[in-house]
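Enquirer: Mind looking over this structure? Questions follow.
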Amino acid sequence: MNLKAPSFYVNGKRTARQTKAAAAICNFDERKLQVKYQISLPVFQGPFDLLFHLIEKAEVDIYEISIAEITAQYLQALQTMRELNLEIASEFLLMAATLLRLKSKKLLPAAVDEDDDETEEEIISINSREELIEKLVEYRFYRQVAGELRSFEQKQKRVFVRSLSGEKIVLVNPEDEASISGVPLPALLQALERVLAEKEREPQDLSPEAFSVQDKMKEIMAALQKKQSGVDFFALFPPGAALSEIVTIFVALLELVRLKKVAVWQSEPLSRQIFVSRL
Amino acid sequence: MELKPLLEALLFVAEEPMPPARLAEITGAETREVRRVLKELQKDYEKADRGLQLVEIARGFQLSTKPAAAPVIEKLFSGEKSYSLSNAALETLAIIAYRQPVTRIEIESIRGVKTDKVLETLRKRRFIRIVGRKDVPGRPLLYGTTREFLKYFGLKDLSELPPLIMEEDKQ
Amino acid sequence: MELKPLLEALLFVAEEPMPPARLAEITGAETREVRRVLKELQKDYEKADRGLQLVEIARGFQLSTKPAAAPVIEKLFSGEKSYSLSNAALETLAIIAYRQPVTRIEIESIRGVKTDKVLETLRKRRFIRIVGRKDVPGRPLLYGTTREFLKYFGLKDLSELPPLIMEEDKQ
Numbered sequence: 573m574n575l576k577a578p579s580f581y582v583n584g585k586r587t588a589r590q591t592k593a594a595a596a597i598c599n600f601d602e603r604k605l606q607v608k609y610q611i612s613l614p615v616f617q618g619p620f621d622l623l624f625h626l627i628e629k630a631e632v633d634i635y636e637i638s639i640a641e642i643t644a645q646y647l648q649a650l651q652t653m654r655e656l657n658l659e660i661a662s663e664f665l666l667m668a669a670t671l672l673r674l675k676s677k678k679l680l681p682a683a684v685d686e687d688d689d690e691t692e693e694e695i696i697s698i699n700s701r702e703e704l705i706e707k708l709v710e711y712r713f714y715r716q717v718a719g720e721l722r723s724f725e726q727k728q729k730r731v732f733v734r735s736l737s738g739e740k741i742v743l744v745n746p747e748d749e750a751s752i753s754g755v756p757l758p759a760l761l762q763a764l765e766r767v768l769a770e771k772e773r774e775p776q777d778l779s780p781e782a783f784s785v786q787d788k789m790k791e792i793m794a795a796l797q798k799k800q801s802g803v804d805f806f807a808l809f810p811p812g813a814a815l816s817e818i819v820t821i822f823v824a825l826l827e828l829v830r831l832k833k834v835a836v837w838q839s840e841p842l843s844r845q846i847f848v849s850r851l
Numbered sequence: 272m273e274l275k276p277l278l279e280a281l282l283f284v285a286e287e288p289m290p291p292a293r294l295a296e297i298t299g300a301e302t303r304e305v306r307r308v309l310k311e312l313q314k315d316y317e318k319a320d321r322g323l324q325l326v327e328i329a330r331g332f333q334l335s336t337k338p339a340a341a342p343v344i345e346k347l348f349s350g351e352k353s354y355s356l357s358n359a360a361l362e363t364l365a366i367i368a369y370r371q372p373v374t375r376i377e378i379e380s381i382r383g384v385k386t387d388k389v390l391e392t393l394r395k396r397r398f399i400r401i402v403g404r405k406d407v408p409g410r411p412l413l414y415g416t417t418r419e420f421l422k423y424f425g426l427k428d429l430s431e432l433p434p435l436i437m438e439e440d441k442q
Numbered sequence: 272m273e274l275k276p277l278l279e280a281l282l283f284v285a286e287e288p289m290p291p292a293r294l295a296e297i298t299g300a301e302t303r304e305v306r307r308v309l310k311e312l313q314k315d316y317e318k319a320d321r322g323l324q325l326v327e328i329a330r331g332f333q334l335s336t337k338p339a340a341a342p343v344i345e346k347l348f349s350g351e352k353s354y355s356l357s358n359a360a361l362e363t364l365a366i367i368a369y370r371q372p373v374t375r376i377e378i379e380s381i382r383g384v385k386t387d388k389v390l391e392t393l394r395k396r397r398f399i400r401i402v403g404r405k406d407v408p409g410r411p412l413l414y415g416t417t418r419e420f421l422k423y424f425g426l427k428d429l430s431e432l433p434p435l436i437m438e439e440d441k442q
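Residue numbers (the working numbering), protein chains in the order written: chain A, 573 to 851; chain B, 272 to 442; chain C, 272 to 442.
And the structure:
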């Protein structure tokens, strides 16, 4: 009773859609399904994947496929998927429609062929059997490569390199991260921006401290003492400051302004840049 | 210290594959000489009583454990799961590797399905990166593979992938 | 695989000194046997053409590079030209540059992650230094940037840092 590994897991890690599909199955009651259908239905990566599977199953050369037959099989596969309560993505339905159109085209007299230059769909637009085959052939190639990559991956998983976990100064090749290597300065600023943006989203929870306006006034003066040229307004607010602390600092600053101990100024009107310096 | 032990020490601390030219630069030796000694080291490691191997990967040399040691090493790391890529991700990577630079729409037209989520995941894992924009209406982003991609699959370079044979006999 | 190469592979990937008992547990060998082979390995590494050494520290065994290789390894880590800082290191440096003097806890409260390793590395690279202790319970260390930091980023002094304005365009 191998319940936990129906073929949904055969393809390795599941995609979001696969997960959904698998979840749908699970809700449906795995056991019953297993008995009822004896499923050997892989979860398909897309309509081409499914088509490909059908062709392989029929042991037909891609170049020999019959549109009529493949259409019937495809529709049947969709029907089975529906019975299994799988969510069928629009791409699958679109392919079904495409196949049906190809099939009907064959049946109809050749003359009525005007809807071709209509841009109907960005993903699948196939207008002839030849085009379908061409697509399938190309898809087959990449599928093979994907298989090759899988074996590389598995091989590589058996090999371990040394890595000192945790954060460290690293060896980033500039090739990979052009944004950081050449221009450290903007990167520095960027890094900070990122950090602050992050912080905004995350509520800070620091142990409560009592803040007094007096203390904060002293702190501000001390900070300004060190930097005669003035400090940035924002720099007055320590990281992770609680709202109460921010308010206290702000009040302290106002008090210092009132006492004419500090000046708060802008480099130019309407500038967002605000400086605080000693008077 | 001689070049050989120096190279061994460097390869030990480097976490990335090291190109011979870079090793030459650091050690002050000729690149050719570095290459020669690397080959020698490679041979040394091949001996049965060594647990490491020196492989050429992503255009550099990297020390790693021999595959035969994997089961035991996995015991050391037990609990840490390593995930494999999905088939969708592999297909997408395959397309990008051969077609780069390539747009999302181009990838989707080959796979027949939406690919945006996969692309996002691949970018997060740094297997692909944006290499520019295509000069067509809408200026869509162009994707290419990275060194990280080569490393993950243990490839020296893209030429190690199967050759691209595709008949272009349309119409 | 024999015990010797297995131990070498394990010591290679282990990030901590490995006690022989633990190595025995993982490999399924006797602790005594592990100890014996470790001694053998130690001897192997002593040869002049090896760049590594097997040392016993903190009741465990650890592979490390030989001291004689240090000058060259330092070159590997200080090649400003071809290698850059990690994002984590940059973030931390940015915070220290703007907020100094600053404590580790303050940095961590901004970054939302542990920062001790990064701080250690930044100190080793002499980009930051301890400038004092904060006058609060626990008297935590205060960090500030160094001249080395300015040199690395090509700054004359801290006032050359971009003003701390989030929305402003940068070039």
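Backbone N, C-alpha and C fix where the C-beta goes; we use that ideal spot for every residue, glycine too.
Using a C-beta to C-beta distance shorter than 7 angstroms, which residues of chain B count as neighbours of residue 519 (chain C)?
Expert: No statement about residue 519 (chain C) is possible, as the shown extent of chain C runs from 272 to 442 and does not include it.
Enquirer: For residue 824 (chain A), tell me which candidate among A:795, A:807, A:784 and A:800 has the shortest Cα-Cα distance.
Expert: Nearest option by C-alpha distance: A:784.
Enquirer: At which residues does the alpha helix (DSSP H) containing residue 713 (chain A) begin and terminate?
Expert: From DSSP, the alpha helix (DSSP H) with residue 713 (chain A) extends over 701-728.
Enquirer: Excluding the five sequence neighbours on either side, which residues of its own chain have a C-beta within less than 8 angstroms of the C-beta of residue 321 (chain C), listed in chain order?
Expert: Cβ neighbours of residue 321 (chain C) beyond the five flanking positions: 315 and 337.
Enquirer: For residue 332 (chain B), which of helix, strand or coil comes out of DSSP?
Expert: Strand.
Enquirer: Does any CB atom of chain B fall closer than 9 angstroms to the CB of residue 833 (chain A)?
Expert: No, no contact with chain B.
Enquirer: Am I right that residue 399 (chain B) and residue 417 (chain B) are in contact with their C-beta atoms under 8 angstroms? What's the rounded C-beta distance?
Expert: Confirmed, Cβ separation roughly 6 angstroms.
Enquirer: Please report the straight-line C-alpha distance between residue 277 (chain B) and residue 342 (chain C), rounded to a whole angstrom.
Expert: When rounded, the distance between both Cα atoms is 10 angstroms.
Enquirer: Report all residues from its chain with a CB closer than 7 angstroms to the CB of residue 311 (chain C); omit the five preceding and five following residues, and keep chain order.
Expert: Answer for residue 311 (chain C): 275, listed in chain order.
Enquirer: Taking C-beta to C-beta, are residue 724 (chain A) and residue 335 (chain B) nearer than 9 angstroms?
Expert: Contact flag unset, no.
Enquirer: Out of C:421, C:377, C:291 and C:358, which one is the CA nearest neighbour of residue 411 (chain C)?
Expert: If we check each option's Cα against that of residue 411 (chain C), C:377 comes out closest.
Enquirer: Is any beta-carbon of chain F found at less than 9 angstroms from that of residue 721 (chain A)?
Expert: Annotation note: the requested chain F is absent from the structure, which comprises protein chains A, B and C.
Enquirer: Assign residue 315 (chain B) to one of three DSSP states: helix, strand, or coil.
Expert: Reduced to three states, the DSSP call for residue 315 (chain B) is helix.
Enquirer: To the nearest angstrom, how far is the alpha carbon of residue 833 (chain A) from that of residue 395 (chain C)?
Expert: Residue 833 (chain A) and residue 395 (chain C): Cα-Cα distance of roughly 40 angstroms.
Enquirer: Among A:789, A:712 and A:650, which one has its Cα closest to the Cα of residue 829 (chain A)?
Expert: For the residues A:789, A:712 and A:650, the minimum Cα distance to residue 829 (chain A) belongs to A:789.
Enquirer: Report yes or no: is there a C-beta of chain C within less than 9 angstroms of the C-beta of residue 848 (chain A)?
Expert: By this cut-off, residue 848 (chain A) is not an interface position.
Enquirer: Quick check: what's the CA-CA separation for residue 669 (chain A) versus residue 679 (chain A)?
Expert: So the two alpha carbons sit approximately 15 angstroms from each other.
Enquirer: From the DSSP secondary-structure annotation, give me the bridge partner or partners of residue 404 (chain B).
Expert: B:412.
Enquirer: If you run the structure through DSSP and keep just helix, strand and coil, what is residue 307 (chain C)?
Expert: In this structure, residue 307 (chain C) counts as helix in the three-state DSSP scheme.
Enquirer: Does chain B have any CB closer than 9 angstroms to the CB of residue 331 (chain C)?
Expert: Chain B, which has no Cβ nearer than 9 angstroms to the Cβ of residue 331 (chain C), makes this no.
Enquirer: Given a limit of 7 angstroms on CB to CB distance, which residues of the region 339-358 of chain B reach chain A?
Expert: Answer set for the region 339-358 of chain B: 341, 344, 353, 354, 355, 356, 357 and 358.
Enquirer: For residue 423 (chain B), which residues from the same chain have a beta carbon less than 7 angstroms from its beta carbon, with the 5 sequence-adjacent residues on both sides left out?
Expert: The answer, listed in chain order, is 398.
Enquirer: Pull the bridge partners of residue 327 (chain B) from the DSSP assignment, please.
Expert: DSSP, once it has assigned bridges, lists B:332 as partnering residue 327 (chain B).
Enquirer: Quick one: Cα of residue 292 (chain B) to Cα of residue 425 (chain B), how far?
Expert: Residue 292 (chain B) and residue 425 (chain B): Cα-Cα distance of roughly 20 angstroms.
Enquirer: Beta-carbon within less than 6 angstroms of residue 309 (chain B)'s beta-carbon, same chain only, minus the 5 sequence neighbours each way: which residues are those?
Expert: Closer than 6 angstroms at Cβ, skipping near neighbours: 332.
Enquirer: Closer than 8 angstroms by C-beta to residue 298 (chain C): which residues in its own chain qualify, once you throw out the five before and the five after it? Chain order, please.
Expert: Excluding residues within five positions, the ones whose Cβ falls inside 8 angstroms are 274, 277, 278, 281 and 305.
Enquirer: CB of residue 290 (chain C) to nearest heavy atom of the ligand PLP: below 8 angstroms?
Expert: Annotation note on the ligand PLP: not contained in the displayed structure, which lists no ligands.
Enquirer: Taking its Cβ as the centre, do 16 or more other Cβ atoms sit within 10 Å of residue 358 (chain B), making it buried, or is it exposed?
Expert: Its Cβ being crowded by 16 or more others within 10 Å, residue 358 (chain B) is buried.
Enquirer: List the residues of chain A that residue 316 (chain B) touches, going by C-beta distances under 8 angstroms, in chain order.
Expert: Result: empty, since nearest Cβ-Cβ is about 13 angstroms, beyond 8 angstroms.
Enquirer: Could you check the C-alpha separation between residue 728 (chain A) and residue 720 (chain A) for me, to the nearest Å?
Expert: Spanning the two alpha carbons is a distance of roughly 12 angstroms.
Enquirer: Can you name the residues of chain A whose CB is closer than 7 angstroms to the CB of residue 287 (chain C)?
Expert: Result: empty, since nearest Cβ-Cβ is about 10 angstroms, beyond 7 angstroms.
Enquirer: Quick one: residues in its chain with C-beta nearer than 8 angstroms to the C-beta of residue 323 (chain C), no 5 flanking neighbours on either side, listed in chain order?
Expert: Taken in chain order, the residues that qualify are 316, 334, 335, 336 and 337.
Enquirer: From C:295, C:344 and C:283, pick the residue whose C-alpha is nearest to that of residue 294 (chain B); which is it?
Expert: Checked all of C:295, C:344 and C:283; the closest Cα to residue 294 (chain B) is C:344.
Enquirer: If you draw a straight line from the C-alpha of residue 393 (chain C) to the C-alpha of residue 346 (chain B), how long is it?
Expert: Near 33 angstroms, if we compare the C-alpha coordinates of residue 346 (chain B) and residue 393 (chain C).
Enquirer: Using only CA atoms, which one of A:827, A:809, A:730 and A:615 lies nearest to residue 339 (chain B)?
Expert: Taking only the C-alpha atoms, the option nearest residue 339 (chain B) is A:730.
Enquirer: With a cut-off of 8 angstroms on the beta carbons, I'd call residue 718 (chain A) and residue 362 (chain B) a contact; round off their distance for me.
Expert: Between residue 362 (chain B) and residue 718 (chain A) the Cβ distance is about 5 angstroms, and since that is below 8 angstroms, they are a contact.
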